[in-house]
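Comments concern the structure below.
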Amino acid sequence: MKTPILLYLFVISFTVAQAQTKAIDSLLVVLEHAKNDIDKAQTLNAISDAYKTSNPKLMLQYANKALQLSQKLQYKIEEGNAQLNLGNANVILGNYSQALNYFALAQSIFENETGTNSKNSLLIKKGLAKAYGSIGIVFAEQSNYAKALLFHLKSVRVYEEIKDLKKCAQVYNNIGVAYQSQGEIFKALEYFIKAEQLQERFKDHHVGITQTNIANCYLKQKDTDKALAYYTKAKTNIDKNPDPRALGEWYNNMGLYFTSTQNPIKAIENWNLAIQTFASIADKFGVADTHLYLGQLYFEQKNPTAAIVNANLALQLSKEIHVLEQTVVAEKLLSAIYDQQGNATQSLEHFKLYSQAKDSLTNAETIRKSVESAMNFEFEKREVLQKEEHEKRELLLKEQAKQNKLQLLFAGLFALLLAGIGFLFYNRMQLKKTLTLQKELAEYEQKALHLQMNPHFVFNCLGSISSFIVQNGTHSAVKYLAKFSKLMRLTLEYSKKSLIPIDKEIQSLQNYLELEQLRFNNKFSFTISKDDNIEDDLALPPLLLQPFVENAIIHGVIPSKENGTISIEFSLDAHNLICTITDNGIGYATSKAIKENSVSVHQSMALDITKKRLEMIATSTSKKAEVIIEELGNGCSGTKVTLHLPIQYIEKPTHNSQPTTDN
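Below is the structure:
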């Protein structure tokens, strides 16, 4: 009879251990002045919990109010706490079937909230641990210790996770009771000791009950010395934290200890103290249980009178409180006592009453087990459904998490792609700006070089006119000056342009060559030809060919004893405009040897400038622009200069026109 009573003590301490420190009246004042429905729901649950030790019906009433309000608010944490309070109230009232239903609902609520409400994860885990522990207690009350153990272990794992060691101690004790009830003493002892260590650390006033349980385990192992040591420690702690029910059980267990150590006088002494203790709190169950211990001892001592007195007292009390188990034991003991006396009539009478009580107990147990089986079936069915739902939800959450990761990955890749495109676009714009600036710079440098060419060309022409006047007279000088004037107008017209049409370049070259023919008394003849495939808007930089033509005249044809010829040709290949200047003068090598002794500064500067201009053209157009000077061979003297220029065109101006309408 001891184990159920000790477990019951821990059921009460565990399921209602959440009592509020404020008095019920204070909580009612708080409820009256609650500012919002959330505070109101929390206070209703606190009031319900506070009534657990005094009025389970009021506990139910306030828990139902809290449940209705929290469901209206969809406030899951307080809804779960309300279900726990409803379950605890039904445990106190003995309605285990309803209690189990409420605890299962609380379990479902807290499991559903786990992982989805990170803000209140600690409160959710505490609620879930309480739900598991409460379900374990209900199964323990039904003597279904395997199920009880399963849920107690679930509960303690959550408490260990959140490091709530005080609660761990209480659940360790309940696990120990479950193992002890299944006969696994060593496992029970392991958990009782774990509970005791934590209770001593936190000065838990239940430590005396745990130490009594430890002592009982050692007693079953026949280790009486350790059993007595723990019984002594338990008595010290129970005296520090008065608990009449725990003290009565301690006396009962000490009676069993002294019985096992062959000290019946001490056993009877402790059992009498147990009766006094239980009677002080009107615990008829405890008093009846103790009278059965005394009756059994007196029967074994062959003291029928004392045995009958105690057995009858136990029988009377068991009938008053309707505990069939005690009635069965008492009737069986009375039958055995009368049989020991040789009173067959009374022995038979009590045996019949024992059989009737046993049948009633069996029927009651059958009905109870049937109800419990149905209840457990519904619970297990609900648990399976909840497990499936939980698994589905977990799978859905995993899929959602997977999708979220993929979405984040794609979003990241998309953002990276956009950033890459933006970076490329930015680089392209910057490159375009750079190239534009480089092109403009090249054009400006080309214009600067062009402007450097103009004074040099004018200087040469003026020198030629001066020489011509001295040599040929005024009439020829006027004619020369007219041609020079025409050439200058063309030069000035395009001096600010980077490109001129090819026909204008040909016209300028023709004027220049005619001037030089006059200057040198027709010492040479010239031809200028253009490929028919060359379009009129094909362009080239102004005065680009003039320095090479000048060199052909001054350093090629004039030093020669023979009359010379100069040929200028314009043609196209796949990618370039080809400009060829050919003379039949003394040749490049001979001319170079002469210039080594007498260098014309102006002509050298003109060639340098022209080469620089070609470099600028190549830079601005990103196309080939080069000059090739080669000596003519095979019995012919002279020089051939070939310029490869990028194909460029004069941009035609666009004229914006607007349509007119007749009014």
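When the sequence shown is numbered by this note's numbering, its final residue is 663 and no position is left out of the sequence of numbers. By construction, the Cβ of each residue, glycine as well, lies at the ideal position given by its N, Cα and C atoms.
> Between the C-alpha atoms of residue 104 and residue 183, what's the straight-line distance to the nearest angstrom?
Replying inline: 28 Å
> Considering only the beta carbon of each residue, do residue 557 and residue 587 sit closer than 8 Å?
Replying inline: no
> Exposed or buried, residue 251, counting other C-beta atoms within 10 Å across all chains shown (16 or more means buried)?
Replying inline: buried
> Hey, out of 69, 357, 518, 49, whose CA is closest to residue 40's CA?
Replying inline: 69
> Less than 8 Å separating the beta-carbons of residue 347 and residue 359?
Replying inline: no
>> Just to confirm the assignment, what range does the alpha helix (DSSP H) spanning residue 274 have?
In response: 264-280
> By a C-beta neighbour count over all protein chains shown, 10 Å radius and 16 as the cutoff for buried, is residue 7 buried or exposed?
Replying inline: Because residue 7 sits at a pLDDT of 40, beneath the cut-off of 50, its placement in the model cannot be relied upon, and the following sentence gives the value as read from the coordinates. Result: buried.
> When DSSP labels each residue in this structure, what does residue 559 get in the three-state scheme?
Replying inline: coil
> Taking the C-alpha atoms as reference points, what is the distance between residue 506 and residue 415?
Replying inline: 58 Å
> Expressed to the nearest angstrom, what Euclidean distance is found between the alpha-carbon atoms of residue 352 and residue 288?
Replying inline: 21 Å
>> According to DSSP, simplified to helix, strand and coil, what is residue 37?
In response: helix
>> Threshold first: 4 residues or longer. Then list the alpha helix (DSSP H) segments lying entirely within the stretch 399-424, N to C.
In response: none
> Using the C-alpha atoms, what's the distance from residue 28 back to residue 216?
Replying inline: 44 Å
> Starting from residue 319 and walking both ways along the beta strand (DSSP E), at which residues does that stretch end?
Replying inline: Note, residue 319: premise wrong, no beta strand (DSSP E); alpha helix (DSSP H) at 304-321.
>> Nearest by alpha-carbon distance to residue 647: which of 401, 583, 574 is it?
In response: 574
> Taking the C-alpha atoms as reference points, what is the distance between residue 161 and residue 239?
Replying inline: 34 Å
> Thinking C-beta only, is residue 530 closer than 8 Å to residue 570?
Replying inline: yes
>> If you measure between the beta carbons of residue 174 and residue 207, is that distance less than 8 Å?
In response: no
>> What residue range does the beta strand (DSSP E) around residue 631 cover?
In response: 626-631
>> Could you check whether residue 133 and residue 151 sit closer than 8 Å to each other, using their CB atoms as the reference points?
In response: yes
> For residue 230 versus residue 214, is the C-beta distance shorter than 8 Å?
Replying inline: yes
> For residue 643, does the three-state DSSP call read helix, strand or coil?
Replying inline: strand
> Would you call residue 76 buried or exposed, if buried means 16 or more other Cβ atoms sit within 10 Å of its Cβ?
Replying inline: buried
> Exposed or buried, what is residue 643 when buried is set at 16 or more other beta-carbons lying within 10 Å of its beta-carbon?
Replying inline: buried
>> Does residue 356 pass the burial test, meaning 16 or more other C-beta atoms within 10 Å, or should it be called exposed?
In response: exposed
> Counting along the chain, where does the beta strand (DSSP E) carrying residue 565 start and finish?
Replying inline: 564-572
>> How far does the alpha helix (DSSP H) with residue 232 in it extend, from its first residue to its last?
In response: 224-240
>> Give me the residue from 218, 344, 169 with the minimum Cα distance to residue 201.
In response: 169
>> Check for me: the alpha helix (DSSP H) holding residue 28 runs from which residue to which?
In response: 24-32
>> Could you compute how far the alpha carbon of residue 561 sits from the alpha carbon of residue 544?
In response: 28 Å
> Hey, residue 684 and residue 80: beta-carbon distance below 8 Å or not?
Replying inline: The chain is shown only over 1 to 663; residue 684 falls outside these bounds and no answer can be derived.
> Which of the three DSSP states, helix, strand or coil, is assigned to residue 583?
Replying inline: strand
> Bridge partners of residue 501, per DSSP?
Replying inline: 539
> What is the rounded straight-line gap between the Cα of residue 172 and the Cα of residue 97?
Replying inline: 25 Å
> If you draw a straight line from the C-alpha of residue 406 to the C-alpha of residue 124, how long is it?
Replying inline: 30 Å
> At which residues does the beta strand (DSSP E) containing residue 261 begin and terminate?
Replying inline: Note, residue 261: premise wrong, no beta strand (DSSP E); not H, not E.
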